[in-house]
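Take a look at the structure set out below.
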Amino acid sequence: MKNHTPKIVVVGSSNMDLISYVPSLPKEGETLFGTKFVTGFGGKGANQAIIASLLGAKVSMICKLGLDDFGKGMKKNFEDHNIDTRYVYTTEKCSSGVAPILVSETGSNCIVVVKGANDLLKPEEIEQSENAFIDAKVLLTVLEIPVQTVVKALQLAKKHGVITIVNPAPAQKDFPNELFSNADFLCPNESELEILSGITIKNPDDLHRAVDAVLEKGVKQVIVTMGEKGSLYCTKNDKHLVPAVSVKALDTSGAGDCYIGSIGFFLGSGLDIEESLKRASKVASISVQREGTQTSYPNKKELSPEWWS
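Just so we're on the same page, this note's numbering is the position in the sequence shown counted from 1, plus 87.
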């Protein structure tokens, strides 16, 4: 790799995960006994920042926290992972974001996100953080914060020649055109792709039509994450599957964030997209074999020494 310590900016959410382990995900109206409860640091933006830092990136986090114990803990967690917190803003108006998560014995999960302070991160605060974008290689951003804040981050990144990676989660039908046109890479999962495209995906043809519909919105490249099936890398001229690394999953919480944050790191390090996707798949495969979200993420010492030569 050309650069083992790329500068990466993350504009996104930071939540406290409240994780319950259950035999199976409950049906509507069903009450279940859980087997274990833990808390952990999460939020799609924070997760992507943590894995990028663990791999060796110099990460600046731009987010908003409440002035509660959750917020204090999340900021300390960033500092403990050598993440620049100069652009972590706070508010008295509401709590920090939280995310109750249910994880079944098969590793599947469901999540409810209460955005809290994440929803108060303003475009003006992104402008105040412009120094974070100078000399950065990659911007990672997610939609658990206001859409116009994401658009402002994308515009600033483009101003400074930064590669932009957008994880459109949670997806909406009416994202502004500026979000798509300023995204070098859009990384939805299949359900998010259905919402963005308006096309129900039942087979591979539907999948390709849905990708084409999103590419028509102005996105340059689309990476559809499909869990154990791998990911589909798409441009207007090419679509091909990048297989996942086959492992027995214990807990898939945060695996998509691990994958996308790793893609950002490897692209920022100077690798091409093909190699970046392959290596990110390996990193994510390690995380799903462990419990937790950020605590499941590997650091660079756990990965192939050949990667760093």
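All C-beta atoms, glycine included, are put in the ideal place defined by N, C-alpha and C.
Q381 and G341: beta carbons closer than 9 Å? Taking 9 Å as the Cβ cut-off, Q381 and G341 qualify as a contacting pair.
Figure out for me which residue from Y320, S383 and K304 has the closest Cα to the Cα of L337. When only C-alpha atoms are compared, the closest one is S383.
With a CB to CB cut of under 8 Å and the five nearest residues on each side skipped, what residues in its chain are close to T177? Within the same chain, Cβ atoms closer than 8 Å to the Cβ of T177 are found at K151, L152, G153, L154, G158 and A204, the five residues on either side in sequence being excluded.
Where does P93 land, buried or exposed, given buried means 16+ other C-beta within 10 angstroms? Result: buried.
Assigned exposure category for N164 - 16 Cβ within 10 Å defines buried: N164 counts as buried, since at least 16 other C-beta atoms from the protein chains shown sit within 10 angstroms of its C-beta.
DSSP three-state call for C345: helix, strand or coil? In this structure, C345 counts as helix in the three-state DSSP scheme.
Close-in-space but distant-in-sequence residues of the same chain around K316 (CB under 7 Å, 5 per side omitted): Only residues of its own chain outside the window of five on either side were considered, and among them A331 have a CB closer than 7 Å to the CB of K316, listed in chain order.
In chain order, what residues of the same chain have a beta carbon less than 7 Å from the beta carbon of E212, not counting five sequence neighbours either side? Correct list, in chain order: Y176.
Counting beta carbon pairs with one atom in the stretch 120 to 139 and one in the stretch 267 to 285, are three or more of them shorter than 8 Å? No, the stretch 267 to 285 is not in contact with the stretch 120 to 139.
Beta-carbon separation (whole angstroms), S374 vs P385, contact threshold 8 Å: With a Cβ gap of about 7 Å, S374 and P385 count as contacting.
What does a CB cutoff of less than 6 Å around K145 pick up in its chain, not counting 5 residues either side in sequence? Around K145: T92 and K94.
Could you tell me whether the Cβ of M88 comes closer than 9 Å to any Cβ of chain C? No chain C is part of this structure, which consists of one protein chain only.
At the level of alpha carbons, what is the spacing between M313 and L227? Take the alpha-carbon of M313 and the one of L227: they are about 19 Å apart.
Do G132 and V109 have their beta-carbon atoms positioned less than 9 Å apart in this structure? No; because the gap between Cβ atoms is not below 9 Å, this pair is not in contact.
Does the count of Cβ pairs from the stretch 218 to 225 and the stretch 248 to 263 closer than 8 Å reach three? When C-beta atoms of the stretch 218 to 225 are compared with those of the stretch 248 to 263, three or more pairs fall below 8 Å, so the two segments count as touching.
Residue from D344, K369 and K388 whose Cα sits closest to the Cα of G379: Shortest Cα-Cα distance from G379 to any of D344, K369 and K388 involves D344.
Through-space distance from L189 to L294, alpha-carbon basis: Computed Cα separation, rounded: 28 Å.
Identify whether L354 lies in helix, strand or coil by the three-state DSSP scheme. L354 sits in a helix when the DSSP states are folded into three classes.
Looking only at its chain, what residues have a beta carbon closer than 6 Å to the beta carbon of V125, apart from the 5 residues adjacent to it on each side? So the list reads I106, once near-sequence residues are dropped.
Mapping the DSSP letters down to three states, classify N264 as helix, strand or coil. In the three-state scheme derived from DSSP, where H, G and I count as helix and E and B as strand, N264 is classed as helix.
Just verifying my parser: in three-state terms, what is the DSSP assignment at G305? Coil at G305, not helix or strand.
For D325, count neighbouring C-beta atoms within 10 Å of its own C-beta (all shown protein chains included) and say buried if the count is 16 or more, exposed if not. Around the Cβ of D325, a 10 Å sphere holds fewer than 16 other Cβ atoms; the residue is exposed.
State the beta-bridge partners of F124 as determined by DSSP. F124 pairs with S107.
Would you say L354 and V306 are within 9 Å of each other, going by their C-beta atoms? For L354 and V306, no; Cβs fall outside 9 Å.
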